[in-house]
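Participant: Structure incoming, see below.
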Amino acid sequence: MMLSDRRPILLANARIVDPSRDLDIAGDLLIADGMIREAKRGIGAAGVPEGTDVIDCRGKLVAPGLIDMRAFIGEPGAAARETFASASQAAAAGGVTTIICQPDTSPAIDDPATVDFVLRRARDTAIVHVHPMAAITKGLEGSEMTEIGLLKAAGAVAFTDGDKSVTDAQVMRRALTYAGDFDALIVHHTEDPDLVGDGVMNEGEFAARLGLLGIPKAAETVMLERDIRLVALSGARYHAASVTCGESLEVLRRAKDAGLTVTAAASINHITLNENDIGSYRTFLKLSPPLRAEDDRKRLVEALGNGLIDVVMSDHNPQDVETKRVPFAEASPGAIGLETMLAAGLRLVHSDEIELMTLLRAMSTRPAELLGLPGGTLRSGAPADVIVVDPELPWVLDAAELKSKCKNTPFDEARLSGRVVRTIVAGRTIYEYV
Amino acid sequence: MNIAPKSSFVLSRRHLLGIEGLSRDDISGLLDLAEEFVELNRQIEKKRSSLRGRTQINLFFEPSTRTQSSFELAGKRLGADVMNMLVGVSSMRKGETLIDTAITLNAMHPDILVVRHHASGAVELLASKLECSVINAGDGSHEHPTQALLDAATIRRNKGRIEGLTVAICGDILHSRVARSDIILLNCMGARVRVVAPTTLLPPGIERFGVEVARDMREGLSGADIVMMLRLQRERMNGSFVPSVSEYFNYWGLDEKKLAFAKPNALVMHPGPMNRGVEIDSIVADGAQSLIREQVEMGVAVRMAVLEALSRNLPNA
Chain L
1 MMLSDRRPIL
11 LANARIVDPS
21 RDLDIAGDLL
31 IADGMIREAK
41 RGIGAAGVPE
51 GTDVIDCRGK
61 LVAPGLIDMR
71 AFIGEPGAAA
81 RETFASASQA
91 AAAGGVTTII
101 CQPDTSPAID
111 DPATVDFVLR
121 RARDTAIVHV
131 HPMAAITKGL
141 EGSEMTEIGL
151 LKAAGAVAFT
161 DGDKSVTDAQ
171 VMRRALTYAG
181 DFDALIVHHT
191 EDPDLVGDGV
201 MNEGEFAARL
211 GLLGIPKAAE
221 TVMLERDIRL
231 VALSGARYHA
241 ASVTCGESLE
251 VLRRAKDAGL
261 TVTAAASINH
271 ITLNENDIGS
281 YRTFLKLSPP
291 LRAEDDRKRL
301 VEALGNGLID
311 VVMSDHNPQD
321 VETKRVPFAE
331 ASPGAIGLET
341 MLAAGLRLVH
351 SDEIELMTLL
361 RAMSTRPAEL
371 LGLPGGTLRS
381 GAPADVIVVD
391 PELPWVLDAA
401 ELKSKCKNTP
411 FDEARLSGRV
421 VRTIVAGRTI
431 YEYV
Chain Z
1 MNIAPKSSFV
11 LSRRHLLGIE
21 GLSRDDISGL
31 LDLAEEFVEL
41 NRQIEKKRSS
51 LRGRTQINLF
61 FEPSTRTQSS
71 FELAGKRLGA
81 DVMNMLVGVS
91 SMRKGETLID
101 TAITLNAMHP
111 DILVVRHHAS
121 GAVELLASKL
131 ECSVINAGDG
141 SHEHPTQALL
151 DAATIRRNKG
161 RIEGLTVAIC
171 GDILHSRVAR
181 SDIILLNCMG
191 ARVRVVAPTT
201 LLPPGIERFG
211 VEVARDMREG
221 LSGADIVMML
231 RLQRERMNGS
241 FVPSVSEYFN
251 YWGLDEKKLA
261 FAKPNALVMH
271 PGPMNRGVEI
281 DSIVADGAQS
291 LIREQVEMGV
301 AVRMAVLEAL
311 SRNLPNA
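As given, the protein sequences belong to chains L and Z, one line each in that order. Start counting the first sequence at 1; every next residue gets the next number (the numbering used here). Start counting the second sequence at 1; every next residue gets the next number (the numbering used here).
Next comes the structure, spelled out in structure tokens:
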């Protein structure tokens, strides 16, 4: 059976793009025993082991499998929204070979037993790699630090309170300081909940016209500024989970220039959409943090280009119809994205806003580096988590065909160019687009 | 007597969800039609039959005596069968029932649905699921088109025009659907619009609405032909948006002294219900320059005009 085939694979005649070493060549990639053997020009069918599955990749890209640094999966506690099984099917179809799941589950992933549950559950049901982030504070309540050492030992790759901010500066300072002793990465949602208040979208003219209460950009920058000061005190590794506006980029620039170990991500939604896409109250575009103005989107893309933004993630957040087909202010925020992250990102490549290498780096190599994972590269000896992408293939996104349990995509009916045509995890083809 | 109105104006759309999107001709057409109904409403025989056989449902998710009774009267005078439904917030599980309600209502085959809802965009959401005409009777802080139309009708009757007038809208602009609809309508008709409020009660970005922004009443009312006061909700007076009622009244409440900043023949309006002594002093509210009672009268006429103009567009009409 093709899908469980462990025969060696030769991805032949491809454009090989490996952001981990700025490699962009025409050549072949050989995979055997679940690992990348080599990537170079002219391995050819003659130079491969007997029984190798030779796949012609003419006109296609071969790149490291994507590592999605922020995805909400509903296990434990909200399996109706998403399971590891369904999420991993969506991931495979979107070229994501590693999902980093978020701890804002029910119960929260805040003790080693739950980390263990997640890892075992994912091992048994998911077809891609899954690594959890664990909570910074017990029950995500923002008051007591979790067992950062034990959680990390159990397999938590980073620490975050999901889409909640740790508002108590003292708690945050201690968590950062303590995490530093374990070289643990703190990933923080930077939104001051008091400044968010009852706001439901970006503050400004558009919100005023829709009669919706706005969320000021300052809700983000105030929290980010505070965090940067605390990082300076503690020296911990800090990652801003989802920045959305130009002002945050200025804060990040100063932090990076000061030599602080600060990195940041932007969601695929924030680099490809803006507040105007909300149109007449489209709840699928209600996000947390909210979509900002076009100028902010442009600045995020620019920051991605110059490395100020390290990571692009999907911020995958499945919401069912009942929580979305309601008035905008009452709708739950969030959009799915595992399956569409790359295709949406390719829009920016096609419109010359971003280089392909940069996009792929932010979706694979950088997350691997930050989280200490072995993927994100096509070097010899690396795990064979590889995607084959047809960069020009035109298609129209039909939400009904998405593999997530929930269909809350902001890209429904979008005309897209380019998609993953083969996803290989640990040397096995787990997805093929036909 | 059952003569059709002289005006043959047709609102060439299925719903009235907001002032946004209406043309100057649409607005003038509705106001002209409303004029005819003002006359009709002052007669003993007030009935028309243009909506005979039609079913109008007033679906209110937020209680409102004034708007609901005004729509009820308007529908009945045009001959429609009118039913009022008040859906209590407590009895509905958020949102779910909005779509459920739409499905239920469709099965009742109403021709016109008048909807008020506490959430911005809810009326539009409902309209997208319904087969009948929908009139927005106020959605959240978004729009309240018939209020803006009745304000315009009142202004036009008293000033003879809208174009070129200076209209100061004062108070809680941030939460006001009336202000949004008024601003769009008055701008469209060529008035000069000013908003006057403490900045905490102004939506960020308001200056891009094509209005002048003033923070104090002297500046804001100077040269104004019309002073429109807005209601300030009780829960917003206690330190959250303004420090106290007395401070608010002192700086932004309309009394005779502040009214004197406006033109001598300036007229005062309020969409009601008024908080006397909060945003407006009784002497002004009941004074010679007040149009507040006339606004209520115009309310019925304007709603008849909207119902009439939409009904001319209904299937089998």
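By construction, the Cβ of each residue, glycine as well, lies at the ideal position given by its N, Cα and C atoms.
Determine, for M1 of chain Z, whether the minimum Cβ-Cβ distance to residues of chain L falls below 7 Å.
Facilitator: Confidence is the limiting factor: at M1 of chain Z the pLDDT is only 46, short of 50, which leaves the residue's position unreliable, though a coordinate-based value still follows. No, because no Cβ of chain L sits closer than 7 Å to the Cβ of M1 of chain Z.
Participant: Which runs of the beta strand (DSSP E) fall wholly inside the segment 174-218 of chain L and span at least 3 residues, in chain order?
Facilitator: 185-188
Participant: Rounded to whole angstroms, what's the CA-CA distance from P64 of chain L to K217 of chain L? Just pull it up for me.
Facilitator: 34 Å
Participant: Around the Cβ of T200 of chain Z, are there at least 16 other Cβ atoms within 10 angstroms (buried) or fewer (exposed)?
Facilitator: exposed
Participant: Please list the partners that F328 of chain L has in chain Z, where partner means a Cβ-to-Cβ separation under 8 Å.
Facilitator: A119, S120, G121
Participant: Under a CB-based cut-off of 7 Å, is E235 of chain Z close to chain L?
Facilitator: no
Participant: Just to make sure I have the definition right: I need the residues of chain Z whose C-beta is within less than 8 Å of the C-beta of S280 of chain L. Which are they?
Facilitator: G121, E124
Participant: At 7 Å on the CB atoms, spell out the chain L contacts of R180 of chain Z, in chain order.
Facilitator: G211
Participant: Please name the residue, chosen from L:V425, L:R120, L:Y431, that lies closest to D33 of chain L on a Cα-to-Cα basis.
Facilitator: L:V425
Participant: On a Cα-Cα basis, can you pick out the residue from L:R174, L:V128, L:Y433, L:G199 that is closest to H175 of chain Z?
Facilitator: L:G199
Participant: Quick one: Cα of T154 of chain Z to Cα of G279 of chain L, how far?
Facilitator: One C-alpha to the other measures close to 33 Å.
Participant: For G381 of chain L, is the classification buried or exposed, using 16 other Cβ atoms within 10 angstroms of its Cβ as the cut-off for buried?
Facilitator: exposed
Participant: Going by alpha carbons, who is nearest to G155 of chain L out of L:V321, L:F117, L:G418?
Facilitator: L:F117
Participant: If you draw a straight line from the C-alpha of I31 of chain L to the C-alpha of A12 of chain L, how long is it?
Facilitator: Straight across, the Cα-Cα distance linking I31 of chain L with A12 of chain L is about 11 Å.
Participant: Measure the C-alpha to C-alpha separation of R320 of chain L and S12 of chain Z and round it to an integer number of angstroms.
Facilitator: Per the sequence shown, residue 320 of chain L should be read as Asp rather than Arg. Rounded to whole angstroms, D320 of chain L to S12 of chain Z spans 36 Å at the Cα level.
Participant: Using DSSP's beta-bridge definition, name the partner residues of L86 of chain Z.
Facilitator: Under DSSP, L86 of chain Z forms a beta bridge with Z:F60.
Participant: Bridge partners of D68 of chain L, per DSSP?
Facilitator: L:I99
Participant: Using alpha carbons as the reference points, say which of L:V421, L:L212, L:L397, L:F84 lies closest to Y281 of chain L.
Facilitator: L:L212
Participant: So within the segment 272-350 of chain L, which uninterrupted beta strand (DSSP E) runs reach at least 3 residues, ignoring any that extend past its ends?
Facilitator: 311-313
Participant: Quick one: list the residues of chain L neighbouring H142 of chain Z, beta-carbon separation under 7 Å, in chain order.
Facilitator: L210, G211
Participant: Considering only the beta carbon of each residue, do M304 of chain Z and A148 of chain Z sit closer than 7 Å?
Facilitator: Taking 7 Å as the Cβ cut-off, M304 of chain Z and A148 of chain Z do not qualify as a contacting pair.
Participant: Following the continuous beta strand (DSSP E) through D28 of chain L, name the residue where it begins and the one where it ends.
Facilitator: 23-32
Participant: Under the rule that 16 or more other beta-carbon atoms within 10 Å means buried, what is V300 of chain Z, buried or exposed?
Facilitator: Looking at its Cβ environment, which holds 16 or more other Cβ atoms inside 10 Å, V300 of chain Z is buried.
Participant: So, under 8 Å CB-CB, V187 of chain L and E220 of chain L are touching, yes? Tell me the CB distance rounded to an integer number of Å.
Facilitator: At roughly 15 Å, the Cβ-Cβ gap does not stay under 8 Å, so V187 of chain L and E220 of chain L are not in contact.
Participant: By the criterion of Cβ-Cβ separation under 9 Å, what are the contact partners of E203 of chain L in chain Z?
Facilitator: P203, P204, G205
Participant: So that I know if they touch, is there some Cβ in chain Z lying closer than 7 Å to that of M1 of chain L?
Facilitator: The predicted model places M1 of chain L with a pLDDT of 38, which falls under 50 and marks its position as unreliable, so this point remains unresolved.
Participant: For V123 of chain Z, collect the residues of the same chain with a Cβ closer than 7 Å to its Cβ; drop the 5 residues on either side in sequence, then sort them by chain order.
Facilitator: L17, V115, H117, V134, N136, D139
Participant: For the alpha helix (DSSP H) that contains K257 of chain Z, what are its first and last residues?
Facilitator: 256-259
Participant: Using 7 Å as the threshold, is the C-beta distance between N408 of chain L and F72 of chain L below it?
Facilitator: no
Participant: Would you mind stating whether M313 of chain L and D68 of chain L have Cβ atoms separated by less than 7 Å?
Facilitator: yes
Participant: For V54 of chain L, collect the residues of the same chain with a Cβ closer than 6 Å to its Cβ; drop the 5 residues on either side in sequence, then sort them by chain order.
Facilitator: Counting only Cβ-Cβ distances below 6 Å, and skipping sequence neighbours, we find L10, A12, A45.
Participant: For the pair the segment 224-243 of chain L and the segment 165-178 of chain L, tell me if three or more CB-CB distances fall below 8 Å.
Facilitator: yes
Participant: So that I know if they touch, is there some Cβ in chain Z lying closer than 7 Å to that of R325 of chain L?
Facilitator: True, the Cβ-Cβ gap to chain Z drops below 7 Å.
Participant: Is any beta-carbon of chain L found at less than 7 Å from that of R318 of chain Z?
Facilitator: Residue 318 of chain Z lies beyond the residue range present for chain Z, which begins at 1 and ends at 317; the question has no answer from this structure.
Participant: If we count Cβ pairs, one from each stretch, closer than 8 Å, do we get three or more for the segment 390-398 of chain L versus the segment 72-91 of chain L?
Facilitator: no
Participant: Any residues in the segment 238-254 of chain L with a beta carbon nearer than 9 Å to a beta carbon of chain Z? Which ones, in chain order?
Facilitator: none
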